[in-house]
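To keep things clear, I will list the structure first and then write my remarks on it.
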Amino acid sequence: MPISPEEISWDEYFMQIAYLVAQRSKCLRRRVGAVIVKDRRILSTGYNGPPKGFPHCSEIGCIRDALNMASGSRHELCWGLHAEQNAIIQAAVFGVSIKGATMYVTNYPCIICAKMIVNAEISELVYAEGYPDPASEIIFKKSNVQVRKYKPKFKISLMETNVSEHY
13 MPISPEEISW
23 DEYFMQIAYL
33 VAQRSKCLRR
43 RVGAVIVKDR
53 RILSTGYNGP
63 PKGFPHCSEI
73 GCIRDALNMA
83 SGSRHELCWG
93 LHAEQNAIIQ
103 AAVFGVSIKG
113 ATMYVTNYPC
123 IICAKMIVNA
133 EISELVYAEG
143 YPDPASEIIF
153 KKSNVQVRKY
163 KPKFKISLME
173 TNVSEHY
């Protein structure tokens, strides 16, 4: 049964968009999407993937898989940028201030992204799924960023972003 527009909260609206953005990722491990919003307006989006002009892991293979790296560890070994990083970078490239904005992200940020979110002066983070990096929790607890877990009202098929579950 279709969902009527009156039933969709702003959190649901922006998180669904984050999951849609995640579908652009070609990461072999996990597709992640981020949306930065202020005053109910989208300022920037990002998904995880390699720098511009670099081949995607779907073309060359995943170095983290090749090295048998656990999720949430040794982020520097991956060619890709995280969705949060790309959303912040896109805002910077186009001269859009994200100070005081809310970031919706499909997965809880790693420590590197947590530090970037704090320094970008994003005021609120809304995440949907967990991520194994307890160090980022310490960063957020010592910051002014309000962090809350998204609680979906509806099950949406786009919300499945862990690629390994699909294949």
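The opening residue of the sequence shown carries number 13 in our numbering; numbering runs sequentially from there. Quick reminder that beta carbons are idealized off the backbone N, C-alpha and C, glycines included.
Practice task
Please say whether residue 117 and residue 44 have beta carbons closer to each other than 8 Å?
Solution key: What you label residue 44 is simply residue 32 of the sequence shown in a count that begins at 1. What you label residue 117 is simply residue 105 of the sequence shown in a count that begins at 1. The answer is yes: Cβ separation under 8 Å.
Problem - Beta-carbon proximity list for residue 29, same chain, < 6 Å, skipping 5 on both sides - result: Taking the sequence shown and counting its residues from 1, one reaches residue 29 at position 17. Counting only Cβ-Cβ distances below 6 Å, and skipping sequence neighbours, we find 47.
Practice task
Quick one: residues in its chain with C-beta nearer than 8 Å to the C-beta of residue 61, no 5 flanking neighbours on either side, listed in chain order?
Solution key: By one-based count along the sequence shown, residue 61 stands at place 49. The residues are 36, 37, 38, 39, 68, 92, 93, 98.
Practice task
Select from 21, 109, 145, 119 the residue whose C-alpha is nearest the C-alpha of residue 131.
Solution key: To locate residue 131, count along the sequence shown from 1; it is residue 119. Answer by Cα proximity: 109.
Practice task
Could you work out which residue in 134, 100, 164, 146 is closest to residue 9 when comparing CA atoms only?
Solution key: Outside the shown range of the chain, which is 13 to 179, sits residue 9, and nothing can be said about it.
Exercise for the section: Identify, in the order they occur along the chain, each residue of the same chain with its Cβ nearer than 6 Å to the Cβ of residue 70, setting aside the five sequence neighbours on each side. Expected result: As a working note, residue 70 is residue 58 in the sequence shown. Contacts found: 38.
Handout entry: Sequence-distant residues of its chain with Cβ nearer than 7 Å to residue 126 (five each side left out)
Key = In the sequence shown, counting from the first residue as 1, residue 126 sits at position 114. Excluding positions up to five away in sequence, the list reads 148, 151, 152.
Problem - Distance between residue 81 and residue 107 (C-alpha atoms, nearest Å) - result: Position 95 of the sequence shown, counted from the first residue, corresponds to residue 107. Position 69 of the sequence shown, counted from the first residue, corresponds to residue 81. Approximately 36 Å between the Cα atoms of the pair.
Exercise for the section: In angstroms with no decimal places, state the Cα-to-Cα distance between residue 51 and residue 26. Expected result: For the purposes of this step, residue 51 is taken as the residue at position 39 of the sequence shown. For the purposes of this step, residue 26 is taken as the residue at position 14 of the sequence shown. For residue 51 and residue 26, the distance between alpha carbons rounds to 12 Å.
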